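Numbering (numbering that gives the first Met the number 0), first residue to last: 0 to 85.
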Amino acid sequence: MNGLDKLNTTKSEVSVLKNQLAEQQPVLIETSARVKEQQAQIAVDKEEALVIKAEAEASSAAASTKAAECKEIKDSAEAGATAILG
């Protein structure tokens, strides 16, 4: 194979690749659009998750506070009962 044959072969291969790219271009555009939509949805989901996480942490803190109050009442009641029953 001489240089001219190699150039012609390369030219033919480039032409085939250009045709393949042109055929696949609509799919690439559609896929890119879907990816952008998914990225936007992920961003929204992350924001919602942060809100839910903050609410859950607040609920957990409130529950811990309530549990501590209940323990204090229980301990006080037990101490009172022990003092009375002596």
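We put the beta carbon where it would ideally sit given N, CA and C, even for glycine.
Just so you know, these numbers come straight off a predicted model, no measurement behind them.
Unbroken alpha helix (DSSP H) run spanning Asn88, endpoints: Absent from the model: residue 88. The displayed extent of the chain is 0 to 85, so no value can be given.
Straight-line Cα distance separating Ile51 from Ser59: On the sequence shown, residue 59 is found 60 positions in, with the first residue counted as 1. On the sequence shown, residue 51 is found 52 positions in, with the first residue counted as 1. Approximately 12 angstroms, taken between the alpha carbons.
Glu140 to Ala42 span [Cα, whole Å]: The requested residue 140 is not part of the displayed model; the chain covers only 0 to 85.
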